[in-house]
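K.L.:
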Amino acid sequence: MAPDELARLFEYLAGEGYSLIGPTLRDGAVVFDHIRCPADLPRGVRALQTPGSCRWDHDGDSALFAHGAGADSFKRHVSPPRETVWIARRDREGALTFGQPPQQVQPAAYVGMRPCDLAALLIRDRALAQGDYRDTAYVARRAGLFIAVAECAAPAGNCFCASMGTGPGANRGYDLALTEIGNGGRRMLLIRSGSARGAAALDTLNLPFATVAQLSSARRAVETAAASMRRGPTPEGARAALNRGRESPRWRETAKRCLACGSCAMVCPTCFCHAVEDRAGLDRGRAERVKTWAPCFTREFTYIHGGAARPSVAGRYRHWITHKFAAWFDQFGVSGCVGCGRCVTWCPVGIDVVEEIAALNGAPDR
Amino acid sequence: MIAMPAVPGVHTPARHVIRRRARETADTFTWELAPLDGPGARFAPGQFNMLYAFGAGEVPVSISGDPARPGTLIHTIRAVGRVTSVMERLEEGEQVGARGPFGRGWPVAEAQEGDLLIVAGGVGLAPLRPVVYHTLAHRNRYRNVALLYGARTPADLLFAAELDGWRAIIAVAVTVDSGGPQWRGDVGAAPRLIGKADFDPARATAFVCGPEVMMRFCAAELVNRGVAAERIHVSLERNMACGMGLCGRCQLGPVFVCKDGPVFPYPVARELLAAREL
Chain A
21 MAPDELARLF
31 EYLAGEGYSL
41 IGPTLRDGAV
51 VFDHIRCPAD
61 LPRGVRALQT
71 PGSCRWDHDG
81 DSALFAHGAG
91 ADSFKRHVSP
101 PRETVWIARR
111 DREGALTFGQ
121 PPQQVQPAAY
131 VGMRPCDLAA
141 LLIRDRALAQ
151 GDYRDTAYVA
161 RRAGLFIAVA
171 ECAAPAGNCF
181 CASMGTGPGA
191 NRGYDLALTE
201 IGNGGRRMLL
211 IRSGSARGAA
221 ALDTLNLPFA
231 TVAQLSSARR
241 AVETAAASMR
251 RGPTPEGARA
261 ALNRGRESPR
271 WRETAKRCLA
281 CGSCAMVCPT
291 CFCHAVEDRA
301 GLDRGRAERV
311 KTWAPCFTRE
321 FTYIHGGAAR
331 PSVAGRYRHW
341 ITHKFAAWFD
351 QFGVSGCVGC
361 GRCVTWCPVG
371 IDVVEEIAAL
381 NGAPDR
Chain B
19 MIAMPAVPGV
29 HTPARHVIRR
39 RARETADTFT
49 WELAPLDGPG
59 ARFAPGQFNM
69 LYAFGAGEVP
79 VSISGDPARP
89 GTLIHTIRAV
99 GRVTSVMERL
109 EEGEQVGARG
119 PFGRGWPVAE
129 AQEGDLLIVA
139 GGVGLAPLRP
149 VVYHTLAHRN
159 RYRNVALLYG
169 ARTPADLLFA
179 AELDGWRAII
189 AVAVTVDSGG
199 PQWRGDVGAA
209 PRLIGKADFD
219 PARATAFVCG
229 PEVMMRFCAA
239 ELVNRGVAAE
249 RIHVSLERNM
259 ACGMGLCGRC
269 QLGPVFVCKD
279 GPVFPYPVAR
289 ELLAAREL
């Protein structure tokens, strides 16, 4: 379909009761937030990303989904940064009651979700929605999701999803997959379904079938993106490097640069660790338990009577990257990294996980 | 629209009333909690609950009561932080919350038919008391059973009034780091009791709970005496905010202490504790 016809998909999804969420340019940065129509998509926006830096330019092209990964992601929508877990009430006699916040979840449709982020969502599912204990709020939000993934033809400078096997194409977990081909006025969107809900959407949209030439052009776009992307570690390679490198002198070197600010964990789409705080009302009759994103880079994160389990920055950085690339396998059966490059881009001092893992392997990357 | 169902007693606290509150030592007290929403949850020795004091917060505390009597929830708490200090001031009749029980406890079945050594340091006896109760109730399932208990001073001994009663059924040996003029018992570190206990290393299982350094020395001594490392189990402690493996706080290398532990076979714990700041 022509890009303008995307409006019909937006209308269809809104008609089905979904609130639409997708990439959009706000205050000069690409965010993943509520959108109304295709005009809200970041058309022609391209990311220039290097370790510790990101800038978005209009490149004169009309691509809708060439904007790269912003600091923001779907994470904020499935696991809000601040979330009330329960509300405790105490009456005058001291009797307690525990309730849930009066919150209802409206099903959301993610239009233009990146394949790396879709992979991150599937990984997040393993951590929060598939174990013996589940994050019930996450499960409810997740169950209502309609996902229209946009395959990536324009990876940014810090991306390494091809190495991690999570992109730039999408092969599962979506309801619809969009692929942009052509350029300028000849730009087209190919759309395919990956679920019954996606197929029902396509039935309603009643679009013409893609030609063989268009299909091969779409395949080429994804293959070219993969080939042009920088190389990172493979999931198994990173795991082995970190398990071998537990006592490496590299940790102390990296700790000299690491500010322990936690930006990497905050922008990471799979990082799920959190803190809780209990906030009592002034009337002493109501106390709220609030869950907040918490990076593993603070002392408080591991504090227990007498001290922190990881007092040094070296210990905390090692924990973060080792959990992400190695322990995740033991815990959830997959790597916790999708190669989206966010932790590299938004590290204020430009620490690059690809370089760190290469260094543990004894082979500086550049 | 989709509702968000949470499981009471798991995701949100189940209400309990403090039926009895007893002081154990200068900084440690025991709560007897009666559940207000149905019967109490069954638990295995070594499991813990997330206890909630209104407005103050939650802390993970192991269950120190009798697993055969799940209707009464018993917790022994040391006031060491903000939340536990609030808990220390709560009176009988006041209400608190509890989520759980969580975690993997002591493998009591694995120890059957052999000798069982219950090695505790300080407040570490609290998570082991359910094991003591279990062995008292099922004494014939085990050969020799010995409780080896070390504390800093006689005043720091938990459950002192019960120790004599236990002596009638299992061996009990107590030592303190510093005894004072009235003390007639052993003085010295807990590992020293291991040498005096009567057990067959080839058929013995040991459950060890106390400060990490104490567990390390006790486990080393047990191995030294010929107990297989994999038949030694220790209980670890880490920061926890959920108890369910969802908050990520208690990670120790690849394990979540809350759901993979808190009780671990010693070879696993030794490996995890060998690396600094894991």
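First to last, the protein sequences are chains A and B.
With the first sequence counted from 1, adding 20 to any position gets you my numbering.
With the second sequence counted from 1, adding 18 to any position gets you my numbering.
Note that beta-carbon positions come from the ideal geometry of N, C-alpha and C, so glycine has one too.
Please read all numbers here as calculations on a predicted model, not as lab measurements.
Does B:R38 come out as helix, strand or coil in the three-state DSSP assignment?
P.N.:
Residue mapping note: residue 38 of chain B aligns to position 20 of the second sequence, counting from 1. B:R38 falls in the strand class under three-state DSSP.
K.L.:
Within 10 angstroms of its Cβ, does A:F229 collect 16 or more other Cβ (buried), or is it exposed?
P.N.:
Indexing the first sequence from 1 puts residue 229 of chain A at position 209. Exposed, by the Cβ-count rule.
K.L.:
Output the distance between the C-alpha atoms of A:H78 and A:E297, rounded to the nearest integer angstrom.
P.N.:
Along the first sequence, read from residue 1 onward, the residue named residue 78 of chain A stands at position 58. Along the first sequence, read from residue 1 onward, the residue named residue 297 of chain A stands at position 277. Answer to the nearest angstrom: the Cα atoms are 42 Å apart.
K.L.:
Give me the Cβ distance between B:I92 and B:E50, rounded to the nearest whole Å; I'm assuming they're in contact under 8 Å.
P.N.:
Taking the second sequence and counting its residues from 1, the one referred to as residue 92 of chain B is at position 74. Taking the second sequence and counting its residues from 1, the one referred to as residue 50 of chain B is at position 32. Confirmed, Cβ separation roughly 6 Å.
K.L.:
Are there three or more Cβ pairs, one per stretch, closer than 8 Å when the region 141-152 of chain A is compared with the region 46-66 of chain A?
P.N.:
Flag = no, the region 141-152 of chain A and the region 46-66 of chain A do not touch.
K.L.:
Exposed or buried, A:K276, counting other C-beta atoms within 10 Å across all chains shown (16 or more means buried)?
P.N.:
Position 256 of the first sequence, counted from the start, is the residue given in the question as residue 276 of chain A. A:K276 comes out exposed.
K.L.:
Report the option in B:A62, B:A169, B:F61 whose CA atom is closest to the CA atom of B:P229.
P.N.:
Taking the first residue of the second sequence as position 1, residue 229 of chain B is located at position 211. It is B:A169 whose Cα lies nearest to the Cα of B:P229.
K.L.:
Do the region 133-142 of chain B and the region 222-237 of chain B make contact, defined as three or more Cβ pairs closer than 8 Å?
P.N.:
The answer is yes - the region 222-237 of chain B touches the region 133-142 of chain B, with three or more Cβ pairs under 8 Å.
K.L.:
Residues in the same chain with beta-carbon distance under 8 Å from A:D145, minus the five sequence neighbours each way, listed in chain order, please.
P.N.:
In the first sequence, the residue the question calls residue 145 of chain A occupies position 125. Within the same chain, A:D145 has close Cβ partners R162.
K.L.:
Hey, A:W76 and A:G48 are a contact pair by Cβ (cut 8 Å); roughly how many whole angstroms apart?
P.N.:
The residue given as residue 76 of chain A occupies position 56 in the first sequence. The residue given as residue 48 of chain A occupies position 28 in the first sequence. Right, the Cβ-Cβ distance comes to about 7 Å (below 8 Å), so this counts as a contact.
K.L.:
In the DSSP assignment, what are the bridge partners of A:Y323?
P.N.:
Start at 1 with the first residue of the first sequence, and residue 323 of chain A comes out as number 303. DSSP, once it has assigned bridges, lists A:A328 as partnering A:Y323.
K.L.:
DSSP on A:A346, reduced to helix/strand/coil?
P.N.:
Position 326 of the first sequence, counted from the first residue, corresponds to residue 346 of chain A. Looking at A:A346 - three-state DSSP - the assignment turns out to be helix.
K.L.:
So which of A:M208, A:R217, A:E267 has the shortest CA-CA distance to A:A241?
P.N.:
Here residue 241 of chain A corresponds to residue number 221 of the first sequence, with the count starting at 1. Looking at the Cα atoms, A:M208 is the closest of the given residues.
K.L.:
Please list the terminal residues of the continuous alpha helix (DSSP H) segment that includes B:Y284.
P.N.:
Counted from its first residue, the second sequence places residue 284 of chain B at position 266. From DSSP, the alpha helix (DSSP H) with B:Y284 extends over 284-292.
K.L.:
Put A:M133 into one of helix, strand or coil per three-state DSSP.
P.N.:
Within the first sequence, numbered from 1, the residue matching residue 133 of chain A stands at position 113. Residue state, collapsed to three classes: strand.
K.L.:
Counting only C-beta atoms, is A:R386 closer than 7 Å to chain B at any point?
P.N.:
If you number the first sequence from 1, residue 386 of chain A lands on position 366. Because A:R386 carries a pLDDT of 41, less than 50, the predicted location of this residue cannot be relied on, and the following value inherits that uncertainty. Closer than 7 Å: no.
K.L.:
Can you pull the chain B neighbours of A:P331, defined as C-beta to C-beta under 9 Å?
P.N.:
Sequence index remark: in the first sequence, residue 331 of chain A carries index 311 (1-based). Those are E295, listed as they occur along chain B.
K.L.:
Which residues, in order along the region 107-133 of chain B, keep a beta-carbon less than 8 Å from a beta-carbon of chain A?
P.N.:
So the close ones are G111, E112, Q113, V114, G115.
K.L.:
Using a Cβ-Cβ cut-off of less than 8 Å, list which residues of the region 47-59 of chain B approach chain A; keep chain order.
P.N.:
From the region 47-59 of chain B, no residue has a Cβ closer than 8 Å to chain A.
K.L.:
Checking 7 Å against the spacing of the C-beta atoms, do B:P53 and B:M68 come in under that value?
P.N.:
Within the second sequence, the letter at position 35 stands for residue 53 of chain B. Within the second sequence, the letter at position 50 stands for residue 68 of chain B. No.
K.L.:
How many Å lie between B:D11 and B:A164 at the Cα?
P.N.:
Nothing can be reported for residue 11 of chain B, as the shown portion of chain B is limited to 19 through 296.
K.L.:
Any beta-carbon of chain A closer than 7 Å to the one on B:V281?
P.N.:
Counting from one through the second sequence, the residue named residue 281 of chain B turns up at place 263. So no, B:V281 is outside the interface.
K.L.:
I'd like to check one pair, A:A261 with A:I377: are the Cβ atoms closer than 7 Å?
P.N.:
The residue you call residue 377 of chain A lines up with position 357 of the first sequence. The residue you call residue 261 of chain A lines up with position 241 of the first sequence. Result yes, Cβ atoms of A:I377 and A:A261 sit closer than 7 Å.
K.L.:
Threshold first: 4 residues or longer. Then list the alpha helix (DSSP H) segments lying entirely within the region 208-253 of chain A, N to C.
P.N.:
Listed in chain order, the complete alpha helix (DSSP H) runs (minimum 4 residues) inside the region 208-253 of chain A are 216-225, 232-248.
K.L.:
Which same chain residues end up closer than 7 Å to A:D385 when comparing Cβ atoms and leaving out the 5 residues on each side of it in sequence?
P.N.:
By 1-based counting over the first sequence, the position of residue 385 of chain A is 365. Confidence at A:D385 is low in this model, with a pLDDT of 43, below 50, so the placement of that residue is unreliable and no value is reported for it.
K.L.:
Under the rule that 16 or more other beta-carbon atoms within 10 Å means buried, what is A:V369, buried or exposed?
P.N.:
Translated into positions along the first sequence, residue 369 of chain A becomes position 349. Answer is exposed; the Cβ neighbour count stays below 16.
K.L.:
Taking only beta-carbon atoms, is B:P272 less than 7 Å away from chain E?
P.N.:
Here the protein chains are A and B, and chain E is not one of them.
K.L.:
Please decide whether B:F61 counts as near chain A, where near means a Cβ-Cβ distance under 7 Å.
P.N.:
Reading the second sequence from its first residue, position 43 is the one you call residue 61 of chain B. No, B:F61 does not count as interfacial toward chain A.
K.L.:
Look at the Cβ atom of A:G361, then the Cβ atom of A:N178, and state whether they are nearer than 7 Å.
P.N.:
If you number the first sequence from 1, residue 361 of chain A lands on position 341. If you number the first sequence from 1, residue 178 of chain A lands on position 158. In this structure, A:N178 lies closer than 7 Å to A:G361 by Cβ.
K.L.:
Using a Cβ cut-off of 8 Å, pull out every chain A residue sitting near B:R39, in sequence order please.
P.N.:
Walking along the second sequence from the start, residue 39 of chain B turns up at place 21. Here the premise fails: no neighbours, minimum Cβ distance about 14 Å.
K.L.:
Do we get a CB-CB distance below 7 Å when we pair B:P23 with the residues of chain A?
P.N.:
On the second sequence, residue 23 of chain B is found 5 positions in, with the first residue counted as 1. Yes, B:P23 counts as interfacial toward chain A.
K.L.:
From this set, B:I95, B:F282, B:Y70, which residue's C-alpha is nearest A:T117's C-alpha?
P.N.:
By one-based count along the first sequence, residue 117 of chain A stands at place 97. Checked all of B:I95, B:F282, B:Y70; the closest Cα to A:T117 is B:Y70.
K.L.:
Can you name, in chain order, every residue of its own chain whose Cβ lies under 6 Å from the Cβ of B:M19, other than the five neighbours on each side?
P.N.:
Along the second sequence, one-based indexing puts residue 19 of chain B at 1. In this prediction, B:M19 has a pLDDT of 43, which is less than 50 and means its spatial position is unreliable; nothing more can be read from the coordinates.
K.L.:
If you draw a straight line from the C-alpha of B:D195 to the C-alpha of A:L142, how long is it?
P.N.:
Within the second sequence, numbered from 1, the residue matching residue 195 of chain B stands at position 177. Within the first sequence, numbered from 1, the residue matching residue 142 of chain A stands at position 122. Taking the straight line from one Cα to the other gives about 53 Å.
K.L.:
So, helix, strand or coil for A:R304, using DSSP?
P.N.:
Reading the first sequence from its first residue, position 284 is the one you call residue 304 of chain A. DSSP places A:R304 in coil when its eight states are reduced to three.
K.L.:
At which residues does the alpha helix (DSSP H) containing B:M258 begin and terminate?
P.N.:
To locate residue 258 of chain B, count along the second sequence from 1; it is residue 240. Where B:M258 is concerned, there is no enclosing alpha helix (DSSP H), given that its DSSP letter is neither H nor E.
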